[in-house]
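For reference, the structure discussed in these notes is given below.
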Amino acid sequence: MTLLKLSIPLGNEILTTVRLATGGVCSLAGLDIDRSEDCKLCITESLLLLLHAGYSAARVEFSREEGLLVRVEGEGMGTGKEGAETEISEALLGALAGSVSFERKDGVLTAVMLTF
Amino acid sequence: MEERELFQRYRETRDVALRNEIAEKYLYIAAVLARKFSGLGVEYDDLYQVAALALVKGIDRFDPDAGVKFSTFITPTVTGEIKNYFRDRSRLVHLPRRVAELKSKLRQAAETLTLQLGRKPTAKEIADALGVTEEEVLGCMEAGSTISLETPVGDGEGRLADVLGDTSDDFDRFETRDAVRTAIGGLSETERFLIKLRFGEELSQTETARRMNVSQMYVSRLERKVLDKLREEIKKGMV
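Chains as they are written, first to last, in this note's numbering: chain A, -18 to 97; chain B, 698 to 936.
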């Protein structure tokens, strides 16, 4: 069941807003406060990955299945460049999320799927 | 020298100079991760110190033959240490009075509800218990709530770290190890097996799931449940 869909321009100034919205969704989904913090950090990290991959906008879709599923997807075209910290970011997501997967098309990151 | 060769040489020799060389080479990971968690109320420098220490400890434990890169291995370790730091060391100051008061009540309510419910509470449950709105709780969780050990005290000539009492790491470590051993004794066979695979053999959740013949999601849930249980038991044992 979809809880919320956000369509946002990618930029550092929007991240606090996304964190606040994410906090609300986590509460709605019944996540405890530690998991909520993990979720917020993972979503902002995913957005930064997409920003570094060249996207200027993104969609964030929250849905409730067994837990909370989040899909963070780049809008428009990515350049395929990845930041120097991509590997660390991906390991960080792996450490904080219940599970994480990355969708790529022709080697370009297109979306990050997270579960909590 | 290649990563694998560097770590293999260190494992053979345990040469401190070599360990320092490795630490210098990978210190950027500590910096990157500290930066990810900064802005949440704790000074970057404090987080960097925690991350750097975890990195050095991780160098000793890393097995270059395990088939994962050092950066992949060390990121969860450093992240875990930073999260522990947030949980255990954060101190409440520097907030508008109303927010500080609510934050204090929020923390107490979270602890009380954790005991009552046998799990961590949601923001809504905390809001209901405190008679405030869910938005206030969420906003409060976003507000910075910690103070740096570098914060000036008195006339501004000293640091907070200078006036705090020192502790013996050895005693803490002994006490913690004893409490952990007791707490693990209270786990079921499956839970102990999970702990052995995840924290003894340091396997990934995916590999642990394969060994236990269950899904990764199941491992993730069980791990969280077990860690919560251990945390509660250890807390009780150390009071």
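Glycine residues also receive a C-beta, built at the ideal position from the N, C-alpha and C atoms.
Any Cβ of chain A closer than 8 Å to the Cβ of B/Leu924 would place that residue at the interface, and such an atom is absent.
When DSSP states are grouped into helix, strand and coil, A/Thr60 belongs to the coil group. Of all alpha-carbon atoms in B/Arg895, B/Arg921 and B/Lys922, the one lying nearest the alpha-carbon of B/Met909 is that of B/Arg895. Contacts between B/Val729 and chain A, judged by CB atoms closer than 8 Å, involve Glu66 and Ile69 in chain order. A/Leu(-9): not part of any alpha helix (DSSP H); DSSP gives it neither H nor E. CA-to-CA, the gap between B/Glu929 and B/Lys922 works out to about 11 Å.
For A/Cys20, the closest C-alpha among the options A/Met58, A/Glu42, A/Glu(-6) and A/Ala38 is that of A/Glu42.
For B/Glu740, there is no enclosing beta strand (DSSP E), since its DSSP letter is neither H nor E. Against chain B, a Cβ distance below 7 Å from A/Glu46 picks out nothing, because the smallest value is about 10 Å. Neighbourhood of A/Glu26 in chain B, by CB distance below 9 Å: Lys733, in chain order.
Contact check for A/Leu28 against A/Gly59 fails: the beta carbons are separated by 8 Å or more. Near chain B, meaning a CB-to-CB distance below 8 Å, the residues of the segment -13 to 1 of chain A are Thr(-3), Arg0 and Leu1. Of the other Cβ atoms in all chains shown, fewer than 16 fall within 10 Å of the Cβ of A/Ser(-12); this residue is therefore exposed. Of the residues B/Leu884, B/Gln705 and B/Glu699, the one whose Cα lies closest to the Cα of B/Asp760 is B/Gln705.
Note on geometry: alpha-carbon atoms of A/Ala10 and A/Val(-1) lie some 16 Å from one another.
Around the C-beta of A/Pro(-10), fewer than 16 other C-beta atoms lie within 10 Å, and the residue is accordingly described as exposed.
Rounded to whole angstroms, the gap between the alpha carbons of A/Gly88 and A/Gly61 is 7 Å.
A/Ser17 has a beta carbon lying within less than 8 Å of a beta carbon in chain B.
DSSP lists A/Glu42 and A/Met94 as the bridge partner or partners of A/Arg52. DSSP lists A/Phe43 as the beta-bridge partner residues of A/Leu(-15).
Judged by DSSP secondary structure, A/Ser70 falls within the alpha helix (DSSP H) whose first and last residues are Thr67 to Leu77. The three-state secondary structure of A/Lys86, taken from DSSP, is strand. Of B/Thr776, B/Ala876 and B/Gly815, the smallest CA-CA separation from A/Ile69 is found for B/Thr776. A contact between stretches requires three or more CB pairs, one per stretch, nearer than 8 Å, and the segment 797 to 807 of chain B meets this requirement with the segment 822 to 829 of chain B. As a beta-bridge residue in DSSP terms, A/Ser80 pairs with A/Thr96.
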